[in-house]
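The opening residue of the sequence shown carries number 1 in full-length UniProt numbering; numbering runs sequentially from there. All C-beta atoms, glycine included, are put in the ideal place defined by N, C-alpha and C. Quick caveat, the model's predicted, so the values are computed rather than measured. First up is the structure itself, then whatever we jot down about it.
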Amino acid sequence: MQGITRLLCTSILTLTSPLAWASDANIQARQQWYEGIATGYQSLTTEAGELAESARDYCQNPAEGSREHVEAAWLNAFLAWQKVRLVDFGPVENNNLSWQFQFWPDPKNLIARKAAYLIGNDEPITPSVINQSGVAVQGFPMIEYLLFDQEFNAGETSLPVARTCELLTNVAGHLKSNSDALMAGWQAFRPHYLETEQYFDTTIRAGMATLEILEERRLAQPMGLRGSNKRNPYIADAWRSGKSLQTVAATVDGLNRYFLPGLEISLEAKGASDLADRIRKQFNEVQQNFPGAHLPLATALKEEDQFRALQSLYVDISQLTTLVNDQAAVALGVVRGFNSSDGD
């Protein structure tokens, strides 16, 4: 009887151990993802604080060189956002925070229209006004418009005109407040995220959606590979500042830093170490072969030698998307579903 019992227990352990290992690996992956995203959010908070401070200093004393400091601070904060843009669940869903950070796409040019309205009327531009003005006003693209839009900056209301400075400083302050709220929310979200199994699939899907948006909307459409078949830099994000390719590079870097480590843990636990290695190498391929991230996308679309380099980047990212969204997702049993980023 004891032998039968021992045999039965051994059989049960044999059957359940792989499931237990998978569950442990999923927990480890979520721990890895949580810490990585926390690091990214902390960087966003720090850089948003620098932006708010530099905007305030510039408007109080627009001395030579201070505008360039604001522009650099905007870029650093915006790239920090790009690195955590993959997260489309949890606290960033509260109050449309992701849209408050970045309203895009903007086919109706609402950002320019909202700026003209706010600058053109007599009502003081206060934090309350920014809170009530909608997502087209509240994020990085509005500051980009004020700093970099050529037509606006050739006009009489360009910075450092006092009323435009009111808009600049209050939007920068709004971004800082939202960054702080996001970081605090993520810290409070920790137990729920780590204890809830469904966030394993949710995080995988978030990475998948980010790659799809990167491939299809941030590269293929501006390159004329989708839709109208015409090259059009103006449908990319950050076209006014000429930083579209830098934002793509930052998103790839964020995926590599904050998403890939947890994905590797999960794949290796499933016996797919070879696939994990191929994905790691493909990330390196994308980053090593990136065509001049400081080059404006408009230039890359116009000059044929640069466009060929851009095509190579597109192929690299497409291959990465296939590895993650098809092969890794299948290996991990994750089914692609609706994702809030689809309305990005």
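- Ranking Pro-124, Glu-268, Gln-246, Met-183 by CA distance to the CA of His-294 puts Gln-246 first.
- Taking the Cβ atoms as the reference, Ala-238 lies roughly 7 Å from Glu-144, within the contact range of under 8 Å.
- Taking a contact as a CB-CB distance under 8 Å, the pair Phe-283 and Leu-260 counts as one, their CB atoms being some 6 Å apart.
- A contact is defined here as three or more CB-CB pairs under 8 Å, and the region 40-58 meets this definition with respect to the region 73-85.
- Contact between the region 126-141 and the region 181-188 is absent: fewer than three C-beta pairs spanning the two stretches fall below 8 Å.
- At the C-beta level, Leu-51 and Leu-175 come within 9 Å of one another.
- Short of 6 Å from the beta carbon of Ala-55, and not among the five residues preceding or following it, lie these beta carbons of its own chain, in chain order: Val-70, Leu-168, Thr-169, Ala-172.
- Following the DSSP letters along the chain, one finds Asp-201 inside the alpha helix (DSSP H) bounded by residues 198-215.
- Residue range 110-120 is occupied by the alpha helix (DSSP H) that includes Tyr-117.
- Contact check for Pro-233 and Leu-297: beta-carbon distance about 5 Å, within the 8 Å limit, so the pair qualifies.
- Looking at Arg-205, Pro-91, Ala-38, Arg-163, the one whose alpha-carbon comes closest to that of Asn-121 is Arg-163.
- Rounded to the nearest whole angstrom, the CA to CA distance from Pro-222 to Lys-230 is 8 Å.
- Pairing Thr-321 with Ser-158, the inter-Cα distance amounts to about 41 Å.
- Judged by DSSP in its simplified three-state form, Arg-280 adopts helix.
- Between Leu-219 and Ile-317, the gap from beta carbon to beta carbon is short of 9 Å.
- Taking Cys-165 as the centre and dropping the five residues before and after it, the same chain places the C-beta of Cys-59, Leu-159 closer than 7 Å to its C-beta, in chain order.
- Counting only unbroken stretches of 4 or more residues, the alpha helix (DSSP H) elements lying wholly within the region 238-313 are 244-254, 260-269, 273-288, 297-302, in sequence order.
- If the five residues before and after Leu-214 are omitted, its C-beta is found closer than 8 Å to the C-beta atoms of Val-248, Thr-251, Val-252, Ile-317, Thr-321, all from its own chain and listed in chain order.
- The closest CA to that of Arg-113, considering only Asp-149, Ile-279, Gln-187, Tyr-199, is found on Asp-149.
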